[in-house]
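Number 69 in UniProt numbering belongs to position 69 of the sequence shown; there are no gaps in the numbering.
All residues carry an ideal CB built from backbone N, CA and C; glycine is no exception.
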Amino acid sequence: MATTTSSTDETINLVLIGKKGSGKSRTGNTILGCNKVFEFGLQFETQYGIGKMCRFGLDLCVIDTPGIDTFTKRDSLKFQSYIEEKTQGVIIYLLCIKIGRFTKEENELIKQYKLYIGHEFAANTIVIFTHVDEWISDCQDQGILEPKCEDFIESLDKNSIQLLTSFDKRYTFLNNRKRENDERVTQIVCMAKQICEQSAFPSQQILLKPQRSRFSCQIL
């Protein structure tokens, strides 16, 4: 297990949410910089898990939640109970959506999250479009040799654009099979820090910097 020589008193709480197969667990591993924190696959879709890591000079607490197709009031009670037990401070929601699959079902799920989590959901959410490698391959099979992620955004319908706008257009793209993801992870952490600061959460102005990492994990 790697160790770190220093960390901060600030913890960034990141909660992964989304449908089954949306790439949540792989995204959590990418953010933590370790492929063995969260298990992924259908047999693990009903589990909660938590991983903690010091990266970029910040303590990250990443929680993986079960993949769901609908988010009911009963789901929300268990969800919020677990989050409250495991974290303190502002919660940042990382909404994972498989790129190319921003469908009516995703839109309905987002509305359910907003309904049961409350007004802070829109203010505290970052959308992460996953499976970028598969999407690029599909586009190339269709004759689009150099597909651009922003072209995907421009192709979305009006309702999907409005939902992204409700998150203040906080979104990014992640290829979890690509090792050179530090730039994307840094972007996610920077957006999370900005949300914390805007929420009046005590947050020191700490520069993100490369550091050796330490982590722990728990799967429930």
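To the nearest angstrom, how far is the alpha carbon of residue i from that of residue j?
{"i": "K20", "j": "I144", "result": "28 Å"}
{"i": "I128", "j": "I17", "result": "10 Å"}
{"i": "Y116", "j": "N107", "result": "15 Å"}
{"i": "L163", "j": "D75", "result": "22 Å"}
{"i": "D141", "j": "E134", "result": "11 Å"}
{"i": "T71", "j": "K98", "result": "Position check: residue 71 holds Phe in this sequence, whereas Thr was assumed. The alpha-carbon atoms of F71 and K98 are separated by roughly 18 Å."}
{"i": "residue 276", "j": "C54", "result": "The question about residue 276 has no answer here: the residues shown for the chain are numbered 1 through 220."}
{"i": "G23", "j": "L32", "result": "14 Å"}
{"i": "A73", "j": "E146", "result": "It is Lys, not Ala, that sits at residue 73 in the sequence shown. So the two alpha carbons sit approximately 43 Å from each other."}
{"i": "K158", "j": "R177", "result": "31 Å"}
{"i": "H119", "j": "F167", "result": "11 Å"}
{"i": "S160", "j": "T103", "result": "8 Å"}
{"i": "Q80", "j": "K86", "result": "10 Å"}
{"i": "Q194", "j": "N13", "result": "13 Å"}
{"i": "T165", "j": "A123", "result": "11 Å"}
{"i": "V189", "j": "D182", "result": "10 Å"}
Whose C-beta lies closer than 6 Å to the C-beta of residue i among residues of the same chain, with five residues either side of it excluded?
{"i": "T11", "result": "D59, C61"}
{"i": "S199", "result": "V90"}
{"i": "C149", "result": "F173"}
{"i": "Y82", "result": "Y48"}
For residue i, which residues from the same chain have a beta carbon less than 8 Å from its beta carbon, with the 5 sequence-adjacent residues on both sides left out?
{"i": "F121", "result": "Y93, Y113, K114"}
{"i": "F152", "result": "I99, G100, F129, W135"}
Quick one: what does DSSP say residue i is sitting in, helix, strand or coil?
{"i": "L16", "result": "strand"}
{"i": "I144", "result": "coil"}
{"i": "T103", "result": "coil"}
{"i": "F129", "result": "strand"}
{"i": "F167", "result": "coil"}
Spatial neighbours of residue i within its chain, please: C-beta separation below 7 Å, excluding the five flanking residues on both sides.
{"i": "M191", "result": "I126, R170"}
{"i": "R184", "result": "T172, L174"}
{"i": "H131", "result": "G23, K98, I99"}
{"i": "T30", "result": "L174, N176, N181, V185"}
{"i": "N35", "result": "N29"}
Under 7 Å: does the beta carbon of residue i sit that close to some heavy atom of the ligand PLP?
{"i": "Y48", "result": "This structure lacks the ligand PLP, and indeed carries no ligand of any kind."}
- Taking the runs of the alpha helix (DSSP H) that are 4 residues or longer, which of them lie wholly in the region 22-98? 24-32, 73-86
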